Structures are given as C-alpha cells and as structure tokens.
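Some notes on the structure that comes next.
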Amino acid sequence: MTTAPDPVPGTSPADPASGAAPGTAAPDPASGTAAPIRVLLADDQRLVRSAFAMLVSSARDMDVVGQAGTGREAVELARTARADLVVMDIRMPDLDGIEATRRIAADEDLAGVRVLVLTTYDTDEHIVEALRAGASGFLVKDTRPAELLDAIRTVAAGESLLSPGPTARLIARVLRLPDAPPPGAPAPAALAALSERERQVLALVARGLNNAEAAQTLGLSPLTTKTHVSRIMGKLGARDRAQLVIAAYESGLVTPSRS
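Here the numbering used here is used: position 17 in the sequence shown is 20, and no number is missing along the way.
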C-alpha cells in the first residue's frame, strides 16, 4: 500500500506553469540568480526524512519539494514535484532505492534529475548496483550535516561524488567478483573504442583525480582533459564520472592494491 508523501513545512507544491525542467536551475526573476536546488528525500524512516528535511531546508540555496517513504513514491514524486535531485536510501519497501534509481535514470523526462544514494556504513552490499543504475554518487548516513549539503550541491551541479571509505570497499568488492578480469588481461570490447590517451584519462578519473589534476599529470590543458572525459562518457554510455569509475575497475583498466 502506497502512503501519501509527507508534507514539508515551509514548502509549496511545484508550479506546473513555471516551465523549468527537472534538473535545471531556473533563474530567479527577482534576483537574476539561480533558483534553489529542488530536493526530494526518499527514506522509509519518517524520523530520518524529517531530520534531513530540516537540514536541507536550512540551506538558502535548497528547497525540499517532497518526501517519499518507498522507492515507488520516489519515482512518482521525481516527476510530479519537479525535483532536481533525489537523496535516495537504498533499503526501502515496495521498490528499493536501486530499482527506483534505475527507473529515474531511464526516464527521458527525468534526464536532468540526479540521484545521491545514502547507505549505512559497512553494511550495504549494493553500492555497485546503485552506481550502475545511474546514481551520481553516494554517502554514508553518518556523514556530517555540512558534508551532506555540499554533496547535494556537487551532484546537482552535474559532478559525481563518492564517499572515500565506501569507495575503497566498493573497489575491493569489485575485485572479488567471480567475473572480475585478472591483472594484465586484454582490454574488453567496451574499452576498444577508446584511444590510448582516453584510457590514460579514464584511469586517472578512476583513481579519483579531477580534470585539473589529470591534466597536470598528463601535461594537458584542463579544457582538453574535460573534452576527453566527455568523449569517454559518450563512448562508454556513462551517465557521469561515477559510472566511469565503475567501468574502469570492472574492465581491469585500473587494478588498485589489495592491501
């Protein structure tokens, strides 16, 4: 049974006549500045949702436009509330956060909507699947409030965000998969379309370097590196940098230390 979304104090329903597409920060007619980030909160625990709502609403550049207690509600509200970003818990009833993320990412009408996944520390076994499904990043639930707000801003701006602790465990988990390629194995077909330079850029992205850092390492301009990253995403069909990281490790292009 689907429950009605929780009302959010201090917010009002989205105006269908506003003309702003999901994921797009429309200019504020009064100030000429970007409109607040429209955030949808999805978690099966009402108390957690309420706490997150208070935190997000305290930020002047964000608005909470809805709260969902199930994955199915999250998908529906992503459309009707015209959200820019969904803060998504993985473990939810009716439809889990992974499938909800997959449906949002696959919906052309929601192409601009980003998903930031929250996971419990050391216990969640589905981070890889969430990123494959289209999540732009993830954080652990015990992160500091300021870090969550910064993460929302980062992901809403089109960047990916991977919490360092879980990322290390994610990489270790990928390396333990039965079908993970051994070190030195031939590059899979997915990487065959990449040039040698693009593979170098992808490897640096997978190791956590931003465009400026990768450019300095390779002796390129940041603009050239950004162009390479965009082309790599196109060739691999990746939604964002988070999926590039997964592709690099699963293909065997990058093999981190097992220590």
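Ideal Cβ positions, reconstructed from N, Cα and C, are used throughout, including at glycine.
Quick caveat: nothing in here was measured; it's all calculated off a predicted structure.
Within the model, the alpha-carbon separation for SER163 versus ARG75 is close to 24 Å.
Secondary-structure assignment with DSSP links MET236 through no beta bridge to anything. For VAL67, the closest of ALA86, ASP153, ARG49 by C-alpha to C-alpha distance is ALA86. The beta carbon of LEU121 sits closer than 8 Å to the beta carbons of ASP46, VAL90, MET91, ASP92, ILE93, PHE141, LEU142, VAL143, LYS144 from its chain, once the five residues preceding and following it are set aside; these are given in chain order. Distance between GLY222 and ILE249, taken at the CA atoms: about 25 Å.
For the pair PRO96 and THR123, the CB atoms are not nearer than the 8 Å cut-off. Relative to the Cα of SER254, the nearest Cα in the group ARG242, ALA209, PRO225, ALA62 belongs to ALA209.
For GLN70, no alpha helix (DSSP H) encloses it; the enclosing beta strand (DSSP E) starts and ends at 65 to 71. Taking ALA159 as the centre and dropping the five residues before and after it, the same chain places the C-beta of ILE40, ASP87, LEU88, ARG117 closer than 7 Å to its C-beta, in chain order. If you draw a 10 Å sphere on the C-beta of ARG244, you find 16 or more other C-beta atoms in it, and that means buried. The criterion of a C-beta distance shorter than 8 Å is satisfied by ILE101 and GLU132.
As for any beta strand (DSSP E) of minimum length 3 sitting wholly inside the segment 41 to 108, the runs are 65 to 71, 88 to 92, ordered along the chain. Taking the CA atoms as reference points, SER139 sits about 10 Å from THR104.
Here ARG82 has no same chain residue with a Cβ atom under 6 Å from its own Cβ, once five neighbours each way along the sequence are excluded. In this model, THR220 and ALA71 are separated by some 43 Å (Cα to Cα).
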